[in-house]
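The next block holds one structure in the form of structure tokens; read it before the comments.
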Amino acid sequence: MSKPRVAILTMGGTIASTGAAPDATTIYELDAARNPVQELLPILSGVADIVVEAFAHLASHDIPIATVLDLARRIAAIRARNEADGIVVTHGTDTLEETAYFLDLLLPAGAPVVVTGAARPASALSADGPLNLLNAVRVATSAEAADQGVLVCMNDRLSAARFVTKAHATATDAFGAAEQGHVGAVAGGEIAFFNRPRNGTRPRFDPHAPGELPHVDIIHCHLGMSPALVDHAIADGAAGLVFASTGNGSIPAAVKPSLTTARAAGVVVVRSSRVGSGAVTSAKVDDEYGTIPAGSLNPQKARLLLMLALRETRDRDHIAAMFRRA
Ligand code: ASP
20 MSKPRVAILT
30 MGGTIASTGA
40 APDATTIYEL
50 DAARNPVQEL
60 LPILSGVADI
70 VVEAFAHLAS
80 HDIPIATVLD
90 LARRIAAIRA
100 RNEADGIVVT
110 HGTDTLEETA
120 YFLDLLLPAG
130 APVVVTGAAR
140 PASALSADGP
150 LNLLNAVRVA
160 TSAEAADQGV
170 LVCMNDRLSA
180 ARFVTKAHAT
190 ATDAFGAAEQ
200 GHVGAVAGGE
210 IAFFNRPRNG
220 TRPRFDPHAP
230 GELPHVDIIH
240 CHLGMSPALV
250 DHAIADGAAG
260 LVFASTGNGS
270 IPAAVKPSLT
280 TARAAGVVVV
290 RSSRVGSGAV
300 TSAKVDDEYG
310 TIPAGSLNPQ
320 KARLLLMLAL
330 RETRDRDHIA
340 AMFRRA
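Using the working numbering, the letters of the sequence shown map in sequence onto residues 20 to 345.
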């Protein structure tokens, strides 16, 4: 019987990085002449026929959003041409959740798309990248993983891109979703799904839609915050703003006049929370200033949804409806 075909698109990150010594777990770099993900092919090819495509070779905090859009288009093309039965993306963990969610917003149901990375470089003692990648490849070949939305495979767990977040700066068990949990696990090569993401009504966007992605900034709220941050973002041409607000999306009184400026300039403002779990609910400020509650989307994911929404429409109510379905 022929093996399933898996396309691995590599983006760089710690999984593709090396350090000077085996105990260098936090100091390491990408080597332009070496892609350690490629070196894992002999192990992976026991599970699937693999094609590796070096899509980018960057620390994930340096990946331009346009490259992630290109990645979505490339995955759409792989699916459309039936070039692979499943797709794995290897990525730095810092912004892994953003790329995974962006892909989730741009790709319809179909062949599995699994994003993975590593907390430790390829050269480290107990490097986690090789097993994360092998597990991701296994998941990408699993019929059960199809139509589940983009999945993240880290540290033997499977999570939905919609909910997963990086919650620890260095540990191998950095990924999870405090409220929603994982959707499955991989142990001893066996995959078990125990939750299904509710994807049916979520907003989806066309990766081939024309036009630039609009400029959307995140404003991190804090005690004694100055409205100047908001005013600057508006003057800088932002089409949308996401507030990483305190608590349940609170907006300080000192900042409210800037919401009026934003509204007059057609800038859509979304209220998310810096708290890390729970949903931002509707509030009086939304009626008074036209802001939109982000629900359980964290600020970095709310920003991605707002960018794609703003490319389609500037209508505040239409965008608010997308956030309610997200
Ligand atoms: N700085 C790295 C990155 O995101 C961290 C990692 O990959 O874990 O590229």
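Think of the CB as a built atom: it goes at the ideal place given N, C-alpha and C, for glycine as much as any other residue.
Determine the burial state of LYS185: buried for a count of at least 16 other Cβ atoms within 10 Å of its Cβ, exposed for fewer.
The residue given as residue 185 occupies position 166 in the sequence shown. Buried: at least 16 other Cβ atoms inside 10 Å.
Can you grab the Cα-Cα spacing for the pair ALA283 / GLY31, in whole Å?
What you label residue 283 is simply residue 264 of the sequence shown in a count that begins at 1. What you label residue 31 is simply residue 12 of the sequence shown in a count that begins at 1. Between ALA283 and GLY31, the C-alpha separation is close to 41 angstroms.
For ALA141 and THR37, which I take to be in contact (beta-carbon distance under 8 angstroms), what is that distance rounded to the nearest angstrom?
Taking the sequence shown and counting its residues from 1, one reaches residue 141 at position 122. Taking the sequence shown and counting its residues from 1, one reaches residue 37 at position 18. So it is a contact: roughly 5 angstroms between Cβ atoms.
Classify LEU144 as helix, strand or coil using the three-state DSSP reduction.
Indexing the sequence shown from 1 puts residue 144 at position 125. Coil at LEU144, not helix or strand.
Mind listing, in chain order, the residues whose beta carbon lies closer than 5 angstroms to a non-hydrogen atom of ligand 1?
Those residues are GLY32, THR33, ALA78, SER79, GLY111, THR112, ASP113, given in chain order.
Less than 7 angstroms between C-beta atoms, sequence neighbours within five positions excluded: which residues of the same chain meet that for ASP192?
Taking the sequence shown and counting its residues from 1, the one referred to as residue 192 is at position 173. ASN174, listed in sequence order.
In chain order, what residues of the same chain have a beta carbon less than 6 angstroms from the beta carbon of ALA321, not counting five sequence neighbours either side?
In the sequence shown, counting from the first residue as 1, residue 321 sits at position 302. Within the same chain, ALA321 has close Cβ partners VAL261, VAL289, SER291, ALA313.
What do you reckon, are the CB atoms on ASP42 and LEU144 nearer than 8 angstroms?
Walking along the sequence shown from the start, residue 42 turns up at place 23. Walking along the sequence shown from the start, residue 144 turns up at place 125. Yes, the Cβ-Cβ distance between ASP42 and LEU144 is below 8 angstroms.
With 16 other CB atoms within 10 Å as the buried threshold, where does SER264 fall?
Sequence index remark: in the sequence shown, residue 264 carries index 245 (1-based). With 16 or more other Cβ atoms within 10 Å, it is buried.
For LYS185, list the residues DSSP reports as bridge partners.
Taking the sequence shown and counting its residues from 1, one reaches residue 185 at position 166. The partner list for LYS185 (beta bridge, DSSP) reads PHE194.
Which residues in the same chain have their Cβ closer than 7 angstroms to the Cβ of VAL294, if we skip the five residues on either side of it in sequence?
As a working note, residue 294 is residue 275 in the sequence shown. If we look at VAL294 and ignore the five residues flanking it on each side, its Cβ neighbours are GLY266.
Assuming contact is defined by CB atoms lying nearer than 8 angstroms, are VAL56 and THR86 in contact in what I supplied?
Locating residue 56 in the sequence shown gives position 37, counting from the first residue. Locating residue 86 in the sequence shown gives position 67, counting from the first residue. In this structure, THR86 does not lie closer than 8 angstroms to VAL56 by Cβ.
Could you work out which residue in VAL134, THR332, ALA73 is closest to ALA159 when comparing CA atoms only?
Stepping through the sequence shown from its first residue, residue 159 is reached at position 140. When only C-alpha atoms are compared, the closest one is VAL134.
Could you pull the DSSP bridge partners for SER292 from this structure?
Locating residue 292 in the sequence shown gives position 273, counting from the first residue. SER264, per the DSSP bridge assignment.
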